[in-house]
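Asker:
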Amino acid sequence: MGMTIAEKILARASGRKQVAPGEIVEAAIDVAMTHDIEGPMVVQGFRELGAKKVWDPSKIVIIFDHNVPANSIDAAVNHIMLREFAGEHKIPNFYDVFEGVCHVVLPEKGFALPGRLIVGTDSHTVTYGAFGCFSTGIGSTDMVAVFVTGKLWFRVPESARMKIEGELPRRVSSKDLILKIIGDVGADGETYRSVELVGPGMSHISMEGRMTMCNMGVEMGAKATIVPPDDLTMRYLKGRAKGAFKPVYSDSDATYVEEHTYYVKNLDPQVACPHRVDDVHPVSDVEGVEIDQAFLGSCTNARLEDLIEAARILKGRKVSKGVRMLVVPASREIYLEAMNQGILSIFAKAGALIESPGCAACLGGHVGVIGPGEVCISASNRNFRGRQGSPEAKIYLASPATVAASSLKGKITDPRDV
Amino acid sequence: MMPRAWVFGEDVDTDQIIAGRYLVKLDPHELAKHAMEAADPTFASKVRKGDVIIAGRNFGCGSSRERAPLALKAAGVSAVVAESFARIYYRNATNLALPALISPGIHKGFKTGDEVKVDMRSGEIHNLSSGKTFKFEPLPEFLAKIVSAGGLLRYMAKQLQKR
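Pasting the structure below:
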């Protein structure tokens, strides 16, 4: 019986030759990531259990990204607690408030590698599947189990496959494509499944774009979203990979419970309307909706490619009066590169606010909180009620290009028209 | 007093259960004050110990924040019964020994305020106000062990002791 990538990785990690969907396996974890939101809960649980040692400090990554720098005493106390834990257990891969968003930093630092089994206390841990690994989000108590034993139980998921054909047109991006897919399958359409993104169209999508797509896999319920590694993957990893790795690929006779094909040549920019990630429409349906804030940030869409696309649109122009355009490069590496390339100065001249790397406005706890009745167009991943602040506010999700174009006009705008 | 049902809709996400801005808090009782705030601002002040949440499909979708089931548990909720659950919420709730019970057809069978009884042994949920009874899917054996131990940490403590 052939196996999918997900099945092969879980089989290898649990010391078996073969696994099948539905089986429960206990698998050895290659990388375990936690951050400043769930990390303190992990430390609490670790202490409650009376544990003395973590299983392998070199496989743990602790990073601060949600409340950076600390914006409250509570956040500062949580940071202190995690810094002490990282020191006490000699965790070599500890990244304080300086590096950026976990899901952008881990690939940059070479932790996301083909064939690996990765867990993180964040639902968007599915992002790393862009590198051909099995990577999924877990809660803090599960992470305590990982910290202590290095292992975790998994139910082997069924696999589904999305085949991408063709090349995306001008000003239409991987974000539009993944929004379109989520709109089609629904917010729970792929629940518990491992979703492979395959087909000739994927070779035209950059590693950044693949990360955007895998990142949002969880918004359709997926347990993992996986792109089979190719030349692009290997090029990205050159000089970054932390340790050896072995790519795995699905067998030709592997079983998929569902397959979809997307022809992307004529795809329009897409927008997810409040308050559902799967209430997705072509931008023409919502054009003209007035906005108060435009947010270009988060683990979904604040990589260099996204900043460049937005800067192309904002260059030499001004953000509409009354609109707060917030740009938050996702990592220090990206921030530096954007600075060197003059992209940050394009944003600043256009009247945008540029904040230091972090999750920022995405989850409404740090900078850029929105108030009652306000509308935000956001390049992030969730438009749930209250996500970015007031439950009475509205969030529209879109691509960096659509966010930038909308910030210029003060209303939702088709980026192909500016 | 009998536990009552609180009925919510489809796709109740983790931001509705506990919003991101409260995630700097570690104290479960602090979190409980804001449970379900975005869905029903009166919930936290009115919910009583033992009450049950009834919901549609995909309860707990979104974030991996374990404070979602933690806030519900601390608020007094004794179980969530839904048409289906998002996977991370399902694991987290199980790990905290807050039953997440799957019961197709349950959503239309209750309205907020109905008296409810969950019978973990028989696998039944009774709507005492309407007289109707619903079945829920039994927890897989492995998960039932975690719940009956009082959560994953206690389960692990027992396993570690055995070694």
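Residue numbers (the numbering used here), protein chains in the order written: chain A, 1384 to 1801; chain B, 2 to 164.
A virtual CB, placed ideally from N, CA and C, is assigned to each residue, including glycine.
All figures in this text were calculated on a predicted structure; none of them were measured in a lab.
Under the DSSP definition of a beta bridge, which residues are partnered with Asp14(B)?
Answerer: Answer is Cys62(B).
Asker: List, in order along the chain, the chain E residues whose C-beta lies closer than 7 Å to that of Ile1407(A)?
Answerer: Absent from the structure is chain E; the protein chains it does hold are A and B.
Asker: What do you reckon, are the CB atoms on Ile1729(A) and Lys1698(A) nearer than 8 Å?
Answerer: In this structure, Lys1698(A) lies closer than 8 Å to Ile1729(A) by Cβ.
Asker: With H, G and I counted as helix, E and B as strand and the rest as coil, what does DSSP make of Thr1532(A)?
Answerer: Helix at Thr1532(A).
Asker: Pull up the distance between the alpha-carbon of Ile1696(A) and that of Val1758(A), whole angstroms please.
Answerer: Rounded to whole angstroms, Ile1696(A) to Val1758(A) spans 21 Å at the Cα level.
Asker: To the nearest angstrom, how far is the alpha carbon of Ala76(B) from that of Gln1724(A)?
Answerer: Taking the straight line from one Cα to the other gives about 51 Å.
Asker: Going along chain B in order, which residues have a C-beta closer than 7 Å to the C-beta of Leu1746(A)?
Answerer: Here the neighbours are Gly21.
Asker: Does the separation of the CB atoms of Val1426(A) and Met1464(A) fall below 8 Å?
Answerer: Yes, these two residues count as a Cβ contact at 8 Å.
Asker: Flag Gln17(B) as yes if its beta-carbon sits less than 8 Å from any beta-carbon of chain A, otherwise no.
Answerer: Taking Cβ atoms only, chain A reaches closer than 8 Å to Gln17(B), which makes this a yes.
Asker: Roughly how many angstroms separate the alpha carbons of Ile19(B) and Asn1764(A), rounded to a whole number?
Answerer: Rounded to whole angstroms, Ile19(B) to Asn1764(A) spans 18 Å at the Cα level.
Asker: Sort Gly1582(A), Arg1576(A), Asn1461(A) by Cα distance to Thr1644(A) and report the nearest one.
Answerer: Of the listed residues, the one whose Cα sits closest to Thr1644(A) is Gly1582(A).
Asker: My parser needs the alpha helix (DSSP H) runs of 4 or more residues fully inside the stretch 1565 to 1621 of chain A; what are they?
Answerer: Listed in chain order, they are 1590 to 1598, 1614 to 1620.
Asker: To which residues of the same chain is Ser1739(A) closer than 8 Å at the C-beta, ignoring the five residues directly before and after it?
Answerer: The residues are Val1451, Pro1452, Val1711, Tyr1718.
Asker: Can you name the residues of chain A whose CB is closer than 8 Å to the CB of Leu153(B)?
Answerer: By Cβ distance, chain A contributes Thr1524, Asp1525, Val1527, Ala1528.
Asker: Alpha carbons only, please: which of Glu84(B), Asn96(B), Asn59(B), Asp115(B) is nearest the one belonging to Gly152(B)?
Answerer: Comparing Cα positions, the closest option is Asn96(B).
Asker: Once the 5 residues before and after Arg1499(A) are set aside, which same chain residues still bring their CB inside 6 Å of it?
Answerer: Excluding sequence neighbours, Arg1499(A) sits near Asp1413, Cys1516.
Asker: Terminal residues of the continuous alpha helix (DSSP H) containing Phe1730(A)?
Answerer: First-last of the alpha helix (DSSP H) with Phe1730(A): 1726 to 1733.
Asker: Less than 8 Å between the beta carbons of Ala1389(A) and Ile1561(A), yes or no?
Answerer: No. Outside cutoff.
Asker: Round the Cβ separation of Pro1652(A) and Pro1630(A) to the nearest angstrom and send it over; I've been treating them as touching at under 8 Å.
Answerer: That pair is no contact at about 33 Å.
Asker: Does the structure place the stretch 1543 to 1550 of chain A close enough to the stretch 1633 to 1649 of chain A that three or more beta carbon pairs sit under 8 Å?
Answerer: Yes: at least three Cβ pairs fall under 8 Å.
Asker: Comparing the C-beta of Leu99(B) with each C-beta of chain A, is any distance below 8 Å?
Answerer: It does not; no Cβ of chain A falls within 8 Å.
Asker: Suppose you measure from the CA of Ile1564(A) to the CA of Cys1656(A); what does that come to, to the nearest Å?
Answerer: Going by the C-alpha atoms only, they are around 15 Å apart.
Asker: So which residues of chain A does Ala39(B) contact, with C-beta pairs closer than 7 Å?
Answerer: Those are Arg1768, Gly1769, Pro1774, listed as they occur along chain A.
Asker: Cβ atoms of Val13(B) and Lys112(B): under 8 Å apart, would you say?
Answerer: No, the Cβ-Cβ distance between Lys112(B) and Val13(B) is not below 8 Å.
Asker: Name the chain A residues that come within less than 9 Å of Lys159(B), Cβ to Cβ?
Answerer: By Cβ distance, chain A contributes nothing, its closest Cβ being about 11 Å from Lys159(B), past 9 Å.
Asker: Is it the case that the stretch 15 to 30 of chain B contacts the stretch 54 to 74 of chain B, given that we only count it when at least three CB pairs across the two stretches are under 8 Å?
Answerer: With the cut-off at 8 Å, the stretch 54 to 74 of chain B and the stretch 15 to 30 of chain B touch.
Asker: What residues of chain A sit near Arg58(B), judged by a beta carbon separation below 7 Å?
Answerer: Under the 7 Å cutoff, chain A gives Asp1571.
Asker: Between Asn1598(A) and chain B, is any beta-carbon pair separated by less than 8 Å?
Answerer: Not one chain B Cβ lies under 8 Å of Asn1598(A).
Asker: Quick one: Cα of Gly1428(A) to Cα of Val1672(A), how far?
Answerer: Approximately 46 Å, taken between the alpha carbons.
Asker: Can you check the stretch 1439 to 1523 of chain A for any beta strand (DSSP E) of at least 3 residues that lies completely inside it and give the ranges in chain order?
Answerer: DSSP runs (the beta strand (DSSP E)) wholly in the stretch 1439 to 1523 of chain A: 1443 to 1446, 1476 to 1478, 1500 to 1503, 1517 to 1520.
Asker: With DSSP as the reference, please indicate the residues paired to Lys133(B) in a beta bridge.
Answerer: Asn128(B).
Asker: Alpha carbon to alpha carbon, how far is Met1590(A) from Ile1420(A)? Give it in angstroms, no decimals.
Answerer: Taking the straight line from one Cα to the other gives about 27 Å.
Asker: The alpha helix (DSSP H) that contains Leu102(B), what's its start and end?
Answerer: Premise fails: Leu102(B) lies in the beta strand (DSSP E), 101 to 103, not in any alpha helix (DSSP H).
Asker: Any contact of the stretch 1399 to 1412 of chain A with the stretch 1518 to 1525 of chain A, i.e. 3+ C-beta pairs under 8 Å?
Answerer: Short answer: they don't touch.
Asker: For Ala1469(A) and Gly1433(A), I'd like the C-alpha separation in whole angstroms.
Answerer: Roughly 17 Å between the two C-alpha positions.
Asker: Leaving aside the five residues before and after Pro70(B) along the sequence, list all residues of the same chain whose C-beta is less than 6 Å from its C-beta, in chain order.
Answerer: Excluding sequence neighbours, Pro70(B) sits near Asn93, Ala94, Leu97, Leu99.
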